Amino acid sequence: MPANVEIKARVQDLAQLISRVEQLSGSPAQVLLQTDTFFPVPRGRLKLRDLRDGRGQLVFYDRPNSRGPKLSHFTISPTDDPRGLAAVLSQALGEQGVVKKERHLYMVGQTRVHVDHVEGLGDFVELEVVLQEQQSLQEGEEVARQLMCRLGIEVNDLISGAYLDLLLAGGESHL
Numbered sequence: 005m006p007a008n009v010e011i012k013a014r015v016q017d018l019a020q021l022i023s024r025v026e027q028l029s030g031s032p033a034q035v036l037l038q039t040d041t042f043f044p045v046p047r048g049r050l051k052l053r054d055l056r057d058g059r060g061q062l063v064f065y066d067r068p069n070s071r072g073p074k075l076s077h078f079t080i081s082p083t084d085d086p087r088g089l090a091a092v093l094s095q096a097l098g099e100q101g102v103v104k105k106e107r108h109l110y111m112v113g114q115t116r117v118h119v120d121h122v123e124g125l126g127d128f129v130e131l132e133v134v135l136q137e138q139q140s141l142q143e144g145e146e147v148a149r150q151l152m153c154r155l156g157i158e159v160n161d162l163i164s165g166a167y168l169d170l171l172l173a174g175g176e177s178h179l
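Under our numbering, the first residue of the sequence shown carries the number 5, and numbering increases by one thereafter.
See the structure below:
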């Protein structure tokens, strides 16, 4: 199963963050509109990502809800019928909630940098250090920490859970 080292943080100064990530990336962002529908499962998280262009992805991931760099294992299966699959999964499993976001995706070395505007929550940044086959968790954590420093991401801005957790806790008032 593929793995990333991830962090997620609130954004205090969006213009400054975008300037820094664009400079490090050396290329413009890929803009993605995403609607993630989450389904209850016994462990980890299961979401159906609707890319709003007729394509989607069923994503299972398992990671701890902790601040700072954390290991995430994931599996992704593409679909050409995200709405139909969402209907089937909703009938079979029920829904936990829906997260709508506009994601600006940048690549910085081996790291996917997501600058997200999440409906009902505001602006966030996610780092996903894509671990290479022989790379250790500690090496991935170090890449994440160095990039946090270069992007000006403060430890007190880190969040532990998923956007869905924040929305279910009451949105912006619980950040």
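In this text, a Cβ means the ideal position worked out from N, Cα and C, and glycines have one as well. Being a predicted model, the structure only gives us computed values, none of them experimental.
Can you say whether N160 is buried or exposed, counting buried as having 16 or more other CB atoms within 10 angstroms of its CB?
-> exposed
Would you be able to state if there are at least three C-beta pairs under 8 Å between the stretch 26 to 41 and the stretch 98 to 107?
-> yes
Cβ pair count under 8 Å reaching 3, the stretch 121 to 134 against the stretch 42 to 50 = no
Let me know if Q20 comes out buried or exposed under the rule of 16 or more other beta-carbons within 10 Å of its beta-carbon.
-> exposed
Looking at the unbroken beta strand (DSSP E) that takes in P82, where does it start and where does it end?
-> K74 to T83
Can you tell me whether DSSP reads D127 as helix, strand or coil?
-> strand
Please work out which residues of its chain come closer than 6 Å, Cβ to Cβ, to I80, disregarding the five sequence neighbours upstream and downstream, and give them in chain order.
-> Q61 and V63
By how many angstroms is the C-alpha of S140 removed from the C-alpha of L155?
-> 23 Å
Residue of R87, H77 and P73 minimising C-alpha distance to L55 = R87
Classify H178 as helix, strand or coil using the three-state DSSP reduction.
-> Unreliable placement is indicated for H178, whose pLDDT of 43 sits below 50; the coordinate value is still reported in the next sentence. Helix.
With DSSP collapsed to three states, give me the class of L62.
-> strand
Contacts around D169, its chain only, beta-carbon distance under 8 Å, and the 5 residues preceding and following it disregarded = N69
Classify D40 as helix, strand or coil using the three-state DSSP reduction.
-> strand
E26 versus G98 - alpha carbon distance | 40 Å
Please work out which residues of its chain come closer than 6 Å, Cβ to Cβ, to H77, disregarding the five sequence neighbours upstream and downstream, and give them in chain order.
-> M5, A7 and D66
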